[in-house]
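Asks: Got a structure for you, questions after.
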Amino acid sequence: MTPDETATPPAAEALGASGAAVRDAAPADAVGGRVPRYVARPPDTAAAADLLAAAHRLGLATVMRGNGTAGDWGAPPDRVDLVLETTALRTVEHAAGDLVVRAGAGTPLADLQAQLAAAGQRLTLDPLVAGGTVGGAVATGLSGPRRLLHGPLRDLIIGMTSVRADGVTASSGGRVVKNVAGYDLGKLHTGALGTLGLTTSVTFRLHPRPEAQRTVSAAAPDTETARRWTRAVLESGTVPAAVELDRPPDGPLTLSVLVEGAEGGIDARADTVAGLMGGAAVAHGPPGPDWGALPGGPEDTLIKISVPIGEAARAADCAHEAARQQHTTAAVSGSAGAGVLFAALPAAAGAATVGAVARSLRAGLDGAVTVARAAPGLADDGAEPDRWGDVPGLDLMRAVKQRFDPHRLLAPGRFTGGI
Amino acid sequence: MPQPVTALIPRLREICGDDGVVTDPDRRRTYESDGLTYHAGTPGVVVLPTATEQVAAVVRLCAESGVPFVPRGAGTGLSAGALPHSQGVLIVTSRMRRILEIDPAGERAVVQPGVANLDVTRAAAPHGYYYAPDPSSQQVCSVGGNIAENSGGAHCLKYGFTVNHVTGLEIVTPQGEIVRLGGKAADAPGYDLLGAFVGSEGTLGITTEITVRLLPAPQKVRTLLAAFGSMDAGGAAVSAIISAGVLPAAVEMMDALSIEAAEAAVACDYPPGAAAVLIVELDGPASDVDAQFDHATRLCRDAGAFEIRTAADAGERARIWKGRKSAFAAVGRISPAYIVQDGVVPRTALPEVLRRIAELSAESGIRVANVFHAGDGNLHPLVLFDDAARGAADTAADVSGRILDLCIEHGGSITGEHGVGADKACQMPEMFSPADLETMNLFRSAFDPGGIANPDKLLPTPRLCGERPGVRTGVHPLVAEGAAEQF
Ligand SMILES: Cc1cc2nc3c(=O)[nH]c(=O)nc-3n(C[C@H](O)[C@H](O)[C@H](O)COP(=O)(O)OP(=O)(O)OC[C@H]3O[C@@H](n4cnc5c(N)ncnc54)[C@H](O)[C@@H]3O)c2cc1C
Ligand SMILES: Cc1cc2nc3c(=O)[nH]c(=O)nc-3n(C[C@H](O)[C@H](O)[C@H](O)COP(=O)(O)OP(=O)(O)OC[C@H]3O[C@@H](n4cnc5c(N)ncnc54)[C@H](O)[C@@H]3O)c2cc1C
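In the order they appear, the protein sequences are chains D and A. Note that the first sequence covers residues 1 to 419 in full-length UniProt numbering. Note that the second sequence covers residues 1 to 487 in full-length UniProt numbering.
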């Protein structure tokens, strides 16, 4: 059956039979420039499973949506018939004594954090984008500055429930941090941009909110100094929570180090860090609201660069140089301590420019360079840039997709290698 | 149709050399089991490759002929994951034990799979770094085995499992392809196959090269021992410490029976009359450790500790740990036989579960000693019995099984660190639904459509689940010879 034959009211009825609220899509629901036929909002996991089973029977291509703040990450899907909205999947079960929370995928991260904060705990992510949901954060798989100490998002996930393309619900992991039974399928869904299934709930390990925080920052006179500072801070034994680098198109490279911990020890640690960074300034309290924010504006193209630790400062330079050669600019920031950076190219930079910058970075750096988010209309000039570069293990990834979604119904084309 | 494994031998000799292929029945039998000796079987043939290309060629040969293969590291697994297949090839990594690179600036080490866990730390130490995952078997177990089991150790609570410390793998897939997943940089693009491979127990292929994170050695380590008049009071101290936001590197607990055993074996000199002892270790920046240490000490006192000892130096630290580290072997002295279980419960369920274990013990007349990773809720109950008494082994096995049921009932897991292997595959349906297991199987078949990679492990199969589980008795041989701690 082709989607065209099914795009009749009976399809809407069949979708609605799941218990989900179904409506016709509007232009504002477009995904990657394509307007779907339906938008459905299931009230719970069981309804979401029935909804996906129905979409599967009808052969409808489905794209998940949390709050839509990262709907433009990855390639535009080849087709979209149904947008599945998760915003009603909002349960939160907080086991404070176990430092664990299980949250519905549609729970806004901000609500979740507020609830956890009331118990003196946090999910150690950084609130970088207003409005994101648990499921959206997991599906984009991005981690903010504090990943340095507490690990990337995927390390905080201890259990997950997802619905497959055929409507079968499956869980892996569990509610305890220490558990090595079975395959950790949550890892597969993390960062998969909704191409392997709908995540309906996620169980995270939590951390206590730190007693005290200090931010130490200084402008480095040159890249080599930034590299030396980073290394000195990392090996100093002061255990920073984050080491962030910021390299605007013009102006110096700034390094800022976040130290978190016990009130009694924090000043000694911050002072040590400041000393290692040429007598840098120490700010008390949590870092400001722009801490760790993505570089550039919301319409800019974002290139993600991951390199071995120690190469981060040089990678920032390479991005500048690659942009300059293409007669454009790059604003670079990210985690120097973890070796993961983002470079923003102005929205006006065309596909050829973006492609050339990415190619040049791939040639000059060890690691991976991907076009994480393309400026709107970037591919319209017909020269879609290579977003992913060479991805080792692609055949295995295709095999996994084939098992989980053989009819390519979940966000087809959004992921690497046309998955 | 699979070929008989013997038909492969000439080709295997071409690939691995004559000395890399073991066919002699007596020599093959030395590989008949891992640390769990009651699951045993003679492998069809054993190969000892030295390079990735040899592993790939062996696996390709297996794939072409439909012959199963089983990877094996040091054979210290406690869930019969490396149990050989009588019609299969056992691929042993013991000759792949080179440390390929220590890169302090990149905070990485690159090693072959047969390298012993502790050797990574030994090689990194001169640079001021160490490798965090520290299973008690770390002197002997292989890093490849750690990847396969997602091993953890005493310091899991703060530092996490193997999976949190691996950034790159080279694997040979069950079809014989060499694939690299990740590398020195974080966040490889695409699905996180690396993350899902860790803990796959040899069922998705063989790891042939591993890139791990190195961490700077902590500035300071401090350890305390607190003695309590009841297990509940000890448990309350654990809860108080965790909820106060103190994150120790390790929190270990022992009950009266295990203290008694340790005392008899190594005269660890724990406070007399303790119904429970707690060992709390903190590490990190010196100033932070001192502040948190005082806090933790206060919390133990508030929870009713009647004696607290703190270690002033490395020697005193070792003395505090001595009783805990010897507990498993020590129990062998107060009981002719015992079963070690490995279940997990949410930390807050510990008091309730420990009470229920005590009831089970009283009802069945089987003594249970509790020595465990309290911070993680990871229990290692020692179920003691007399193997000379008729029916005692069965009763003990029953008690041990019921303890696992308790863990599942309370939202826990059937294994916290030893893996599922052949031993617990039949318990998987108690924790996971048929749809969960089917989905896991879908994932497995994406890697291994022919079903030749460590078959009958991890997921339940009808063939396997007909058999009755056995029990491991006595002190583990590695522990007895001083090559490993049981912990
Ligand atoms: C470097 C970086 C670090 C970040 N770190 C943080 C952080 O620490 N804290 C933070 O709050 N935010 C962080 N973000 C933002 C965050 O990653 C997302 O932008 C946001 O959380 C997405 O939420 P959403 O609900 O708007 O997702 P949407 O935009 O609705 O969806 C995003 C993607 O996920 C898919 N998707 C959504 N829900 C599901 C689901 N339930 N199942 C399967 N697929 C689904 C969608 O199809 C789409 O592909 C970070 C972003 C970046 C770039
Ligand atoms: C005394 C004692 C104490 C222990 N303490 C702990 C502990 O504290 N924490 C803990 O987690 N474990 C512990 N263990 C269990 C065991 O040591 C670990 O699971 C260890 O990781 C196994 O490593 P190995 O090299 O011995 O693997 P093996 O026993 O040889 O194999 C284990 C599994 O890994 C697979 N495998 C091995 N090598 C590879 C490879 N290169 N590629 C793919 N698959 C492979 C095998 O097929 C098998 O399924 C202990 C064991 C003993 C005997």
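Positions of the beta carbon are idealized from the N, C-alpha and C atoms, including for glycine.
Please confirm whether any heavy atom of ligand 3 lies closer than 8 Å to the CB of D/Pro127.
Replies: Absence of ligand 3 from the depicted structure is noted, with ligand 1 and ligand 2 being the only ligands included.
Asks: Which term fits D/Glu263, buried or exposed, when burial requires 16 or more other beta carbons within 10 angstroms of its beta carbon?
Replies: It is exposed - the Cβ of D/Glu263 has fewer than 16 other Cβ atoms within 10 Å.
Asks: Is it a yes or a no for the segment 324 to 340 of chain D touching the segment 282 to 302 of chain D, going by three-plus beta-carbon pairs under 8 Å?
Replies: The segment 324 to 340 of chain D, when compared against the segment 282 to 302 of chain D, does touch it at the 8 Å Cβ threshold.
Asks: Quick check on the burial criterion: 16 or more other C-beta atoms within 10 angstroms. Buried or exposed for A/Thr6?
Replies: A/Thr6 should be labelled exposed.
Asks: Quick one: is A/Gly315 buried, meaning 16 or more other Cβ sit within 10 Å of its Cβ, or exposed?
Replies: It counts as exposed.
Asks: Can you tell me whether A/Ile147 sits near ligand 2, meaning its C-beta is under 8 Å from at least one heavy atom of the ligand?
Replies: A/Ile147: yes, Cβ under 8 Å from ligand 2.
Asks: Is the beta carbon of D/Arg65 less than 9 Å from the beta carbon of D/Leu84?
Replies: Yes, the Cβ-Cβ distance between D/Arg65 and D/Leu84 is below 9 Å.
Asks: With DSSP run on the structure shown, which of helix, strand or coil describes D/Val391?
Replies: Here D/Val391 sits in coil by DSSP.
Asks: My assumption, with CB atoms under 8 Å, is that D/Val216 sits in contact with D/Ala130. Please give the rounded CB distance.
Replies: Wrong, their Cβ atoms sit about 27 Å apart, outside the cutoff.
Asks: Which value, in whole angstroms, describes the spacing of the CA atoms of D/Ala61 and D/Val35?
Replies: Computed Cα separation, rounded: 12 Å.
Asks: Any beta carbon of chain A sitting closer than 9 Å to that of D/Gln113?
Replies: Not closer than 9 Å to any Cβ of chain A, the Cβ of D/Gln113 fails to qualify, so no.
Asks: Answer yes or no: the CB of D/Thr329 versus the heavy atoms of ligand 2, is any distance below 8 Å?
Replies: D/Thr329: no, Cβ never under 8 Å from ligand 2.
Asks: With a threshold of 9 Å between beta carbons, is A/Leu299 in contact with chain D?
Replies: False, the Cβ-Cβ gap to chain D never drops below 9 Å.
Asks: Using DSSP's beta-bridge definition, name the partner residues of D/His207.
Replies: D/Arg122.
Asks: Work out the CA separation of A/Ser433 and residue 424 of chain D for me, nearest whole Å.
Replies: Nothing can be reported for residue 424 of chain D, as the shown portion of chain D is limited to 1 through 419.
Asks: Against D/Pro43, what residues of chain B qualify as contacts under a CB-to-CB distance less than 9 Å, listed in chain order?
Replies: The question asks about chain B, but that chain is absent: this structure's protein chains are D and A.
Asks: Answer with buried or exposed for A/Phe306, where buried requires no fewer than 16 other C-beta atoms within 10 angstroms of its C-beta.
Replies: Classification for A/Phe306: exposed.
Asks: Within 10 Å of its beta-carbon, does D/Ala416 have 16 or more other beta-carbons around it, so buried, or fewer, so exposed?
Replies: Contrary to the premise, residue 416 of chain D reads as Thr rather than Ala in this sequence. It counts as buried.
Asks: State yes or no: is the beta carbon of D/Asp351 nearer than 9 Å to at least one beta carbon in chain A?
Replies: The identity of residue 351 of chain D in the sequence shown is Ala, whereas the question assumes Asp. No, D/Ala351 lies away from the interface with chain A (no Cβ there is under 9 Å from its Cβ).
Asks: Sort D/Thr195, D/Gly136, D/Ala30 by Cα distance to D/Ser201 and report the nearest one.
Replies: Measuring from the Cα of D/Ser201, the nearest candidate turns out to be D/Gly136.
Asks: What does the alpha-carbon distance come out to for the pair D/Thr223 and D/Ala313?
Replies: Computed Cα separation, rounded: 6 Å.
Asks: Applying the criterion that 16 or more other CB atoms from any shown protein chain within 10 Å of the CB defines a buried residue, is D/Gly186 buried or exposed?
Replies: Flag for D/Gly186 reads buried.
Asks: Where in the segment 206 to 252 of chain D do unbroken runs of the beta strand (DSSP E), each at least 3 residues long, occur, reported from the N-terminal end onward?
Replies: Counting only runs of 3 or more, we get 212 to 220, 242 to 247.
Asks: May I ask which residues mark the beginning and end of the beta strand (DSSP E) holding D/Glu93?
Replies: Segment 92 to 95, the beta strand (DSSP E) holding D/Glu93.
Asks: Would D/Arg214 and D/Val259 qualify as a contact pair, given that the criterion is a beta-carbon distance under 9 Å?
Replies: Their beta carbons are under 9 Å apart, which means D/Arg214 touches D/Val259 by this criterion.
Asks: If I measure Cβ to Cβ from D/Val177 and keep anything under 6 Å in the same chain, skipping five residues before and after, which residues do I get?
Replies: Same-chain partners within the cutoff: Ile158, Arg205.
Asks: Taking only beta-carbon atoms, is A/Ser326 less than 9 Å away from chain D?
Replies: Cβ-Cβ to chain D under 9 Å: no for A/Ser326.
Asks: Taking C-beta to C-beta, are A/Leu224 and A/Arg309 nearer than 9 Å?
Replies: Yes, the pair counts as a contact, with Cβ atoms nearer than the cut-off.
Asks: Near D/Leu148, which residues of its chain fall below 8 Å by C-beta distance, leaving aside the five closest residues on each side in sequence?
Replies: Cβ neighbours of D/Leu148 beyond the five flanking positions: Pro240, Ala241, Ala242, Val243, Ser335, Gly337, Ala338.
Asks: May I ask you to report which of helix, strand or coil DSSP gives A/Asn378?
Replies: Looking at A/Asn378 - three-state DSSP - the assignment turns out to be strand.
Asks: If contact means a Cβ-Cβ distance below 8 Å, which residues of the segment 173 to 204 of chain D contact chain A?
Replies: Here the close residues are Gly174, Arg175, Val176, Val177, Lys178, Asn179, Val180, Ala181, Gly182, Tyr183, Asp184, Leu185, Lys187, Leu188, Thr190, Gly191, Ala192, Leu196.
Asks: Measuring only the C-alpha atoms, how far is A/Ala237 from A/Ser361?
Replies: One C-alpha to the other measures close to 25 Å.
Asks: Would A/Val198 pass as an interface residue toward chain D - the criterion being a Cβ-Cβ separation below 9 Å?
Replies: Closer than 9 Å to some Cβ of chain D, the Cβ of A/Val198 qualifies, so yes.
Asks: For the segment 141 to 164 of chain A, list every residue whose C-beta sits within 9 Å of some C-beta in chain D, in sequence order.
Replies: Within the segment 141 to 164 of chain A, the qualifying residues are Glu149, Asn150, Ser151, Gly152, Cys156, Leu157, Gly160, Phe161, Val163, Asn164.
Asks: Using only the alpha-carbon positions, how far apart do D/Leu123 and A/Ile242 sit?
Replies: D/Leu123 and A/Ile242: Cα-Cα distance of roughly 16 Å.
Asks: Using a beta-carbon distance cut-off of less than 8 Å, what residues from the segment 334 to 347 of chain A approach chain D?
Replies: The residues in question are Val344, Val345, Pro346, Arg347.
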